[in-house]
Structure formats: C-alpha cells, structure tokens
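Okay, so the sequence shown: first residue is 0 according to the numbering used here, each after it adds one.
Think of the CB as a built atom: it goes at the ideal place given N, C-alpha and C, for glycine as much as any other residue.
As the structure is a prediction and not an experimental result, all values here were calculated from the model.
First up is the structure itself, then whatever we jot down about it.
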Amino acid sequence: MPRSKIAGIGKYVPKNVFTNKDMMQFMETTDEWIQERTGIQERRFADRTNETTTTMAVEAAKVAIERAGITPQDIDFIIFATLSPDYYFPGCGVLLQRAMKMKEVGALDIRNQCSGFVYGLSVADQFIKTGMYKNILVVGSEKHSFGLDFSTRGRNISVIFGDGAGAVVLQPTEDANQGILSTHLHSDGTSAEILAMFNPGTHANHWQEGLASFDDATIGEMFMSKAMIDGEQNFPTMDGPAVFKKAVVKFPEVIIEALTANGYQPSDINLLVPHQANLRIAQFVQQKLGLTDDQVFNNIQKYGNTTAASVPIALCEAWELGKIKQGDLVCLAAFGSGLTWASALMKW
Ligand code: UT7
C-alpha cells in the first residue's frame, strides 16, 4: 500500500498587521497582558471587504499546487477545514473549487475547529492509501476578525485569534522512508460548550439556559433572532482556563500516542509543529516531552491563533525557513473546540 506524502505546501496571511496596541483601542487590555499570557505580539486581519476565508485559501492553495508541480485541474479531491466559512452553507470547498476552476471533483468541508486541518489530513491520507485519489488538496483557512467581540467583555478570546490560510497537496509515494506514518483522532463532547459559538444554530436554548429569549421570536427567527443579536449572543465564548487545563494533558498524550504507534520516542522528533493556541501551552508541552527549542516550531507571536489554518501555516513557515529537511521525523498536533484533538506523524 502506498503512503501519502506532502508534495507541496503553501500559506497566505493578510497584509494588515494588527498589534496588541491596536487591540487596546477597542477594549481594556495591555500589550504586557497579551504577551505574558499568550505570547502573541501581533496578528493579521483580512481586508474587510476584499478577503474571505475562501479567497485566502485560494492564495495558499495556489502556492501548494505550484510547489507540487501540478495545476489546479490535477486536483482530484478537496478537503476544506474552517470554522469561519464564507456562507453558513454551502461550505468553502465548493467555493474554492469554483474559484480555482478545478474539475467537478468532490469537495468535503471539515468542522473540527483547531483540529480541523489534522483531521482533514487524516481523511486525505486514507483516500491516498486506498488508491482512490492521487492529488488531494487539504486546506485550513480562517477569517476570525469578522466575528469577534472586540468589547472588553470578549477580551479573553478576541485577543487570541488571527486570520490566514495554509494548504498542502497530498500525493502517493512508494518510498518507504517518506510520508505519513499514522494519524490519531480524538474527541470528548462532554465539554462541547467550554469553547463554542452557539448562534446561529438549532439548539433553541437546549444546551445553555438563558442563552436567548425566544418569547417574541417567530419560529423562523429562532435560528438567528433579533434578540440574540441585541443580546450580543452571536460571538464565540470560551472558558479559557478550562480549555488550557485540558490542552496541556491531551497535547502530550496524542503526541506520545503517535510516537509509540511507530516505535519512536520524543528525542527522535526532528520538528514538532503544534497548533498555535497559546505559546504557554506549547512551552508546557515542550517541557513535558523534554524537547529542545530546536525541536518545536512556534509562530503564534506573529499570527496569533488561526485555528484550522495554524498547523499548515506553521508547517509551511518552518519548511520555508529550512527547519524541515527530507527524511526528518515531523509531528503535527492539535487541540481545540469540541473538544477534539489529533496528531499526525510523518517522514518528510
Ligand atoms: O485554540 C483553541 C484552543 N484554545 C486554547 O487553547 C486557549 C486556552 N486558554 C488560554 O490560552 C488562556 O486561558 C487565555 C489566554 C485565554 C486566558 O489566560 P488566563 O491566564 O487563563 O486568564 P483568565 O481567563 O484566567 O483571566 C485572568 C484575568 C481575569 O481578570 P480577574 O478576574 O483575575 O480580575 C480576566 O478578566 O485576566 C483578565 N483578562 C484580561 N486582562 C487583560 C482576560 N482577558 C484579558 C485581556 N486583557 N485580553
């Protein structure tokens, strides 16, 4: 059975740099607080009218496809991970297919938030291994800036996120020393509400008491009622410390799972590319696994947390900086809303 390899990788981040000082114009926060608690110095925000989750994904995909030495017409399957789609439906996969004038190939949308890219990579890996597809485009893209609460009330979540996109082309390889060795996917829905955006949705207050009043809403308005908007219930919410506590347990666990499955140990890793959730989380994971600074790549300082885009953006930047060479053991790991977490171990 062939393995799948990353044949091409690309990233796109918007030009607009939004610093912690810029954040202070909107809410009570400080550069010191943000840097100390998250490591973030600045993030990129998409152009409000000219850039969408799909347009950023297209830019990243163009680079990945070109680096793979193929054209958009060679792509035979699309996997698109995002939590900030252009439309509630249809998903961004078909919008990318249209924008890149691809053939009428399958387009699958993934809703696994911060783990979305690694989940997508795992799905693509299975399709390549069975021989069903030969050139799969896996994309993670987010335009968070369009849907964050920039008042002081939302400061614990809004200072973290940034916009951007990353993409890879997956192809089969017969080389025994290259490709994805294994992927590992997990979830725990018991904590689904600790990092969530409830509206628009069909929950009708089922999960969250007092989330919205439907007294004066017609049946059609309950999906997204005026009361929800007036009550500012259309933003993501997070119990940061609860997510943090889970993350520092599940990240090391899923990395060890991947290493053990393939007979490796932490010292064998050439580069760990963790989801860029919070620099403190990455440092905790590094310490727990006994990894050196050279073994872990972080770029959250410049881009913030770009959710589904963060792993491919970081992987791409690490590769562009020459930190990944052929034959290197590379581990990807992600954790986020769901809760979901995942890892992928590969020989580059
Ligand atoms: O990628 C998806 C997965 N997400 C994560 O992994 C995020 C995990 N969580 C975190 O990274 C951290 O919990 C945060 C960075 C979100 C927050 O850091 P924290 O150290 O856990 O802070 P906290 O929420 O416990 O808040 C501590 C204090 C509070 O004030 P009081 O109650 O102690 O007076 C907050 O109101 O910091 C306050 N605070 C802020 N102050 C200035 C919260 N956000 C801010 C802010 N600026 N932006």
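Delimiting residues of the beta strand (DSSP E) encompassing residue i
i	result
K10	R2 to Y11
A343	T339 to K346
L136	I135 to E141
L290	Premise fails: L290 is in no beta strand (DSSP E) and is neither H nor E.
C315	Not the beta strand (DSSP E): C315 falls in the alpha helix (DSSP H), residues S309 to E319.
F334	L328 to G335
Buried or exposed (CB count within 10 angstroms, at least 16 for buried), residue i
i	result
E103	exposed
P199	exposed
S266	exposed
A166	buried
L320	exposed
P391	In this structure the chain extends from 0 to 347, so residue 391 is not present and cannot be described.
Y11	buried
N134	buried
T182	buried
D174	exposed
Q275	buried
When the options are compared against residue i, the one with the closest alpha-carbon
i	options	result
F243	E41, G321, I159 and A317	I159
S3	I156, F126 and L290	F126
T151	D85, Q24 and G7	Q24
L180	A106, G7 and N261	N261
A16	S144, A106 and G188	Here residue 16 is Val; the residue named in the question, Ala, does not match the sequence. That would be S144, whose Cα lies nearest to the Cα of V16.
N298	G163, R154, I228 and D75	G163
D187	L344, W340 and I33	W340
I74	A106, L82, N49 and S83	A106
A317	T259, A276, V272 and D148	V272
M0	G178, E31, E27 and D30	G178
Y86	K142, K346 and K100	K142
L169	L258, E50 and V138	V138
M99	Q112, G90, T53 and Y132	T53
A343	I255, I33 and Q40	I255
Where residue i falls: helix, strand or coil (DSSP)
i	result
D108	strand
I268	coil
V242	helix
Q170	strand
T201	coil
N304	strand
T189	helix
L180	strand
F149	coil
T259	helix
G130	coil
V158	coil
A175	coil
I77	strand
F17	strand
A276	coil
L210	In this predicted model, L210 has a pLDDT of only 47, less than 50, meaning its place in the structure is not dependable; the value taken from the coordinates is given anyway. Note: L210 maps to coil in three-state DSSP.
L120	helix
A67	coil
Terminal residues of the alpha helix (DSSP H) in which residue i lies
i	result
C91	C91 to A98
A226	K225 to D229
Which complete alpha helix (DSSP H) runs does the region 21 to 55 hold, if anything under 4 residues is left out? The alpha helix (DSSP H) runs of length 4 or more contained entirely in the region 21 to 55 are, from start to end of the chain, 30 to 37.
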